[in-house]
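Working notes, structure below.
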Amino acid sequence: MFLYCSVEALLKREKLVRTFISRFHSSAESGYPAVFDLETNQTKELTIEGASFTGSSYLYADNPENYFDLEVDENGLWLIFKYKNVEHLSVARLHPKTLQALRVWNLTQLNARTVGNAWITCGILYAIRSSRAQNTNMFVAYDLYRRKYASVDMPWTNPYGNANMVSYNPIDRKIYTYDNGHLMTIPLLLSFDTDHYSIS
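Sequential numbering of the sequence shown, starting at 2, is according to this note's numbering.
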């Protein structure tokens, strides 16, 4: 994960501080994810009632001790998470100033145990099967606005065998992966129509 000087800078992918953090910052009191604003020295907590943030109910199959995944695309700020005692993923669209959930999607057909990692591009969640296997595949896409699943079968490579961060950058339209200590980029060619989703 990278540090930005503010939530607005994160949304614009500006003023990137090239410091990698091993874990998503969480509040010591609640365990919920928190954002520390470097300009105001204030911490804002993202509160999602009922979200899983303790024990072994992790967000992705291959990423132990990860309960939340903060994502940014052209549409804004997103949080991928799981509810307690539920196996499917959920996504919240967050207000960039207050960090309150504007809307929540429960992806009941997407079992978290089958997902190695996920990211959001242009309002569509994409998931890869494994973040540890060198050769795996992107296997599903979910259009958050149209509420439609699409099967995807696209080869995906984790060259160093531990892609514990996969995120889309809307400024340069590349996917960034942090794979076992190596920061890598994957350029995208995006095309959409009402029935098909293509990413290459």
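C-beta: ideal position from N, C-alpha, C; glycine also.
Put residue 94 into one of helix, strand or coil per three-state DSSP. Strand at residue 94.
Let me make sure I understand the geometry here. Which of 164, 171, 109 and 133 has the alpha-carbon closest to that of residue 148? Closest by C-alpha distance to residue 148, out of 164, 171, 109 and 133, is 109.
Segments of 3+ residues assigned as beta strand (DSSP E) that fall wholly inside the region 134–188: Whole beta strand (DSSP E) segments, 3+ residues: 136–144, 149–158, 164–170, 175–180 and 183–188.
Considering only the alpha carbon of each residue, which of 47, 151 and 177 lies closest to residue 97? Nearest Cα to residue 97 within the set 47, 151 and 177: 47.
For a quick check, are the C-beta atoms of residue 113 and residue 62 less than 9 Å apart? Their beta carbons are under 9 Å apart, which means residue 113 touches residue 62 by this criterion.
Pick helix, strand or coil for residue 99, following the three-state DSSP scheme. Three-state DSSP puts residue 99 in coil, outside helix and strand.
Three-way DSSP call (helix, strand, coil) for residue 115 in this model: The three-state reading of DSSP puts residue 115 in helix, counting H, G and I together.
Touching by the beta-carbon criterion (3+ pairs, under 8 Å), the region 179–186 and the region 161–168: Cβ pair count under 8 Å is three or more, so yes.
Assuming contact is defined by CB atoms lying nearer than 9 Å, are residue 151 and residue 141 in contact in what I supplied? Contact flag set, yes.
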